[in-house]
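Notes for the one structure printed next.
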Amino acid sequence: MAGHPANQTTDAEPAADGNPRIKEIYPRYRLDDRRFRIGAQLGITAEFDDAGGEVWDLAESLDGRPVPEVVAAVRRRHPHLSVSDVLDGIATLDHEGFVESATPGGHTEDDFDARLLPNIRYFSRFEGIAGNRYRAQQRLQDSTVLLLGLGGAGSNFLTLLSGVGVGRVIVADHDSVEAANLGRQLLYREKDIGVPKATAAADALEQMNSRVEVRPHVRKVDSAEDVTDLLDGVDLVICAIDEPPFIAQRRVNAACVARNVPCVYGLSQVTRGRVFTVVPGVSGCFDCLNINYSQKDPVFVAQFGFMRSGWEAPSIAYAPALFQLSAVAVDEAVRVLTGYAPPRSVGVQFEIDYEEGTAFHLNDWPRLPELCPTCGTGTESDWEVFREYREGA
Ligand SMILES: [Zn+2]
């Protein structure tokens with residue numbers, strides 16, 4: 001964007017009220033006597049060619065004072081500007097993402113734990129004058145997440161859930177901490193060896209962030225009913241169990257769809273991580289995905305043969321790779337819970353390539369309400385793939 005909002009027209013709504021200010025996350029600095037920049041990071045920086053100094057003075061005045069005072073201050077220095085010129089200038093800067101309300105929704109930083117303030121400033125990137133950077137954080141604090149599995153993926157998910165300030169986390173895992181876990185499950189300590197992961201995780205979180213309420217369940221999740229038993233009051237599920245392969249996700253999906261709870265699935269295999277999310281009634285569910293692949297991949301069902309091949313997967317996990325998966329999965333959970341930014345994996349298999357450091361949409365699939373036996377009115381026996389699940393179960 002080049003300067004001179006006074007001479008620009010904009011389709012953005014003029015900012016009529018609020019206490020706008022240039023976002024605290026952006027510096028403002030001159031390059032020379034006519035050009036200046038807001039922002040210092042590639043991709044979120046704008047340069048203004050502002051020979052008359054109107055935009056600079058406007059930006060200077062956007063310090064949290066009421067809009068009428070901003071207008072008056074700018075017009076004192078630049079009498080040729082009309083009131084609507086200045087309002088258009090504010091709207092343009094807002095449209096470009098540089099303006100926030102100083103006191104959105106009556107919240108202040110004092111209302112939040114100090115450790116969460118950097119999160120809130122991160123969220124401010126995504127909110128304009130009419131938005132509220134505290135909203136996403138408040139939503140997280142008010143949320144209950146059910147985390148299934150506390151292994152290589154889940155234990156690291158839990159660390160991040162603590163960091164982002166989720167209010168309550170229900171965790172379920174039946175395993176105990178083993179020495180072999182300690183290279184990648186960094187929530188646990190040597191003293192935890194032999195202790196149930198759910199118990200050790202709850203203790204670790206109590207020391208890490210005592211404001212997060214953890215409800216540990218030392219139990220195996222072997223059926224949809226086992227998941228349903230844990231779903232009361234849950235806003236979102238994160239499924240980090242992947243044994244038995246596919247069957248575990250199908251059980252979790254059945255419970256979450258029946259109770260209308262969104263679920264983020266995160267799994268890792270050698271050099272790839274995958275995150276996908278089901279929002280019941282909105283996106284295709286896990287069984288819609290099975291049908292989608294059955295329709296388009298002639299060897300999809302045949303590939304389930306690996307489950308009967310006698311191959312027992314060794315533990316393959318490299319902590320830096322798992323952290324990439326953890327980052328994407330937990331950010332996705334935050335996106336679904338708060339809407340601070342659009343989720344990337346709703347109805348999409350979002351694939352992370354650890355080797356290349358890239359991520360991409362592997363596949364997207366629709367809701368199939370007339371075909372899916374789980375989220376629609378379809379018949380399970382119509383689909384060969386679901387027989388594979390019964391044989392494998
Ligand atoms: Zn479905």
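Following the UniProt record's numbering, the residues of the sequence shown are numbered contiguously, the last one being 393.
From the three backbone atoms N, C-alpha and C, an ideal C-beta is built for every residue, glycine too.
Roughly how far, in whole angstroms, is the beta-carbon of residue i from the beta-carbon of residue j, given that I think they are within contact range, below 8 Å?
i, j, result
"residue 38", "residue 22", "7 Å"
"residue 179", "residue 193", "6 Å"
"residue 94", "residue 129", "5 Å"
"residue 157", "residue 329", "6 Å"
"residue 262", "residue 279", "5 Å"
"residue 409", "residue 34", "For the chain, the structure presents residues 1 to 393; residue 409 sits outside this window and is missing."
"residue 273", "residue 324", "6 Å"
"residue 173", "residue 202", "Contact flag wrong, Cβ pair sits at about 11 Å."
"residue 264", "residue 291", "About 21 Å separates the two Cβ atoms, so there is no contact after all."
"residue 283", "residue 367", "6 Å"
"residue 162", "residue 209", "4 Å"
"residue 142", "residue 106", "So it is not a contact: roughly 16 Å between Cβ atoms."
"residue 385", "residue 300", "7 Å"
On the CB-based measure, 16 or more other CB atoms within 10 Å of its CB, does residue i come out buried or exposed?
i, result
"residue 296", "exposed"
"residue 383", "buried"
"residue 110", "exposed"
"residue 113", "exposed"
"residue 42", "exposed"
"residue 389", "buried"
"residue 223", "exposed"
"residue 260", "exposed"
"residue 26", "buried"
"residue 362", "exposed"
"residue 271", "exposed"
"residue 365", "buried"
"residue 56", "buried"
"residue 205", "buried"
"residue 191", "exposed"
"residue 216", "buried"
"residue 275", "buried"
"residue 332", "buried"
"residue 40", "exposed"
"residue 54", "buried"
"residue 165", "buried"
"residue 281", "exposed"
"residue 149", "buried"
"residue 302", "exposed"
"residue 449", "Look at the range of the chain in this structure, 1 to 393, and you will see that residue 449 is not part of it."
Taking residue i as part of the alpha helix (DSSP H), name the residues at either end of that continuous run.
i, result
"residue 170", "Taken as a continuous stretch (DSSP letters only), residue 170 belongs to no alpha helix (DSSP H), being part of the beta strand (DSSP E) at 168 to 173."
"residue 265", "Residue 265 -> not in any alpha helix (DSSP H); beta strand (DSSP E) instead, spanning 263 to 269."
"residue 163", "154 to 164"
"residue 217", "First-last for residue 217: 213 to 218, but that is the beta strand (DSSP E), not the alpha helix (DSSP H)."
"residue 177", "Segment: none, residue 177 is in no alpha helix (DSSP H) and carries neither H nor E."
"residue 203", "197 to 208"
"residue 68", "67 to 77"
"residue 286", "286 to 296"
"residue 320", "319 to 338"
Which residues in the same chain have their Cβ closer than 6 Å to the Cβ of residue i, if we skip the five residues on either side of it in sequence?
i, result
"residue 7", "Any answer about residue 7 is weak, because its pLDDT of 37 lies below 50 and its placement is not dependable; what the coordinates show is given next. Nothing listed; no residue qualifies."
"residue 233", "144"
"residue 398", "Outside the shown range of the chain (1 to 393) lies residue 398, about which nothing can therefore be said."
"residue 30", "36"
"residue 159", "187"
"residue 338", "136, 139"
"residue 104", "132"
"residue 9", "Caution applies to residue 9, whose pLDDT of 38 falls short of 50 and renders its modelled position unreliable; the value that the coordinates give is listed next. Excluding residues within five positions, none has a Cβ falling inside 6 Å."
Only counting the same chain, and skipping five residues up and downstream in sequence, which positions put a Cβ closer than 7 Å to that of residue i?
i, result
"residue 341", "126, 335"
"residue 286", "249, 250, 253, 278"
"residue 211", "113"
"residue 75", "81, 86"
"residue 195", "176, 177"
Need the endpoints of the beta strand (DSSP E) that residue i sits in, please.
i, result
"residue 349", "348 to 353"
"residue 274", "272 to 278"
"residue 361", "358 to 364"
"residue 239", "236 to 239"
"residue 86", "Looking at the DSSP string, residue 86 is not in any beta strand (DSSP E); the run it does join, the alpha helix (DSSP H), is 83 to 95."
"residue 144", "144 to 148"
"residue 30", "28 to 30"
"residue 63", "That residue, residue 63, is in no beta strand (DSSP E); it is neither H nor E in DSSP."
"residue 308", "That residue, residue 308, is in no beta strand (DSSP E); it is neither H nor E in DSSP."
"residue 101", "99 to 101"
"residue 46", "46 to 49"
Within its chain, find whatever has a CB closer than 8 Å to the CB of residue i; leave out the 5 residues flanking it on each side and keep chain order.
i, result
"residue 409", "Absent from the model: residue 409. The displayed extent of the chain is 1 to 393, so no value can be given."
"residue 228", "255, 258, 259"
"residue 225", "255"
Using a strict less-than 5 Å threshold between each residue's beta carbon and the heavy atoms of ligand 1, what residues do you get? 285, 287, 288, 372, 374, 375
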